[in-house]
Amino acid sequence: MTQLLIGLFLYGIAIATMMQASIGIEPWDVLAQGITLRTGIPFGLVTNIVGALVLLLWIPLRQRPGIGTVLNVLLVGPSAQFGLWAIPQPSELWARILLFAGGLVLIAIASGLYIGAQHGPGPRDGLMTGLHARTGRPIWLVRTAIEATVLLIGWLLGGNVGWGTLAVVAFIGPLVHLTIPLFALQVQPRTLGRADVCDEGPASDPGRLIETDVAARARVAPDGSGWPFARR
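If you want our numbering, it's the 1-based position in the sequence shown plus 58.
Here is the structure:
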């Protein structure tokens, strides 16, 4: 949970950092901006609507939201607002480029932290991990394809594309491909304990533990070989 909260906070700070650099916005923001220009719906509301539609795409991918998905919606916005207040906007081009590059690296680290916490990704990152799981394609390729598709649609709708936007499309996929495995927490398999067995041995053998149906099914081969186990 600590890793999740740190990751979400840094994600918002990274967004603010890239915005303060003023050399381009993320592809998803280009899409939201294009929809706003075409429909007149406020940018913030469009962002929420797009996020909800992306969650619908989780259904065929068999993705399940978790507390991390909910906290993503609740915490990233406030942390980004804090970042906009705390991070000054430089005037020199070289400083803006460095600031943008730092934000891009930070957003990859933050993604690895909160996705690796195993509490559920955000709507857009869940689309990435779902497609990765269903297709078997590398994370970097899936993320790059998603960002490029979103950017193209947003640009066709009239969204503003800068050099920084193209940099996000080119580099965010390979960066998260490195950071997600780096920060992924390993879920320990459940071990067999006294709660999974029942002491049904005779009184003369009180230490004898017989495997229950639940424990037996837990270790049966996926193809069903070796089943049924006799329960005594």
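Idealized CB from N, CA, C, for every residue including glycine.
For clarity, every value in this text was computed on a predicted model and none was experimentally measured.
Report task. Please name the residue in E84, M76, Y69, M77 whose C-alpha comes closest to that of W213. Result -> Stepping through the sequence shown from its first residue, residue 213 is reached at position 155. With distances taken between Cα atoms, W213 lies closest to E84.
Requested in this report: Would you decide whether R120 is buried or exposed? Buried here means 16 or more other CB atoms lie within 10 Å of its CB.
Outcome: Mapped onto the sequence shown, residue 120 falls at position 62. Exposed.
Query raised in the report: Under three-state DSSP, which class holds I173?
Result: Translated into positions along the sequence shown, residue 173 becomes position 115. Residue state, collapsed to three classes: helix.
Query raised in the report: Would you say A110 and F101 are within 8 Å of each other, going by their C-beta atoms?
Result: By 1-based counting over the sequence shown, the position of residue 110 is 52. By 1-based counting over the sequence shown, the position of residue 101 is 43. Cβ distance not < 8 Å, so A110 and F101 don't count as in contact.
Report task. Would you check if the region 134-146 and the region 75-83 touch, i.e. whether three or more CB-CB distances between them fall below 8 Å? Result -> yes
Query raised in the report: For T127 versus G178, is the C-beta spacing smaller than 8 Å?
Result: Numbered from its first residue, the sequence shown carries residue 127 at position 69. Numbered from its first residue, the sequence shown carries residue 178 at position 120. Cβ atoms of T127 and G178: closer than 8 Å.
Query raised in the report: When the distance is taken between beta carbons, is E205 closer than 8 Å to V226?
Result: Walking along the sequence shown from the start, residue 226 turns up at place 168. Walking along the sequence shown from the start, residue 205 turns up at place 147. Yes, Cβ-Cβ distance for V226 and E205 is below 8 Å.
Query raised in the report: In chain order, which alpha helix (DSSP H) runs of at least 4 residues are fully inside the region 186-217?
Result: 197-214
Query - Cut-off 7 Å between Cβ atoms - residues of its own chain near R154, not counting five sequence neighbours on either side - result: Locating residue 154 in the sequence shown gives position 96, where the first residue counts as 1. Once the five neighbours on either side are set aside, the close Cβ partners of R154 are A79, S80, I81, P148.
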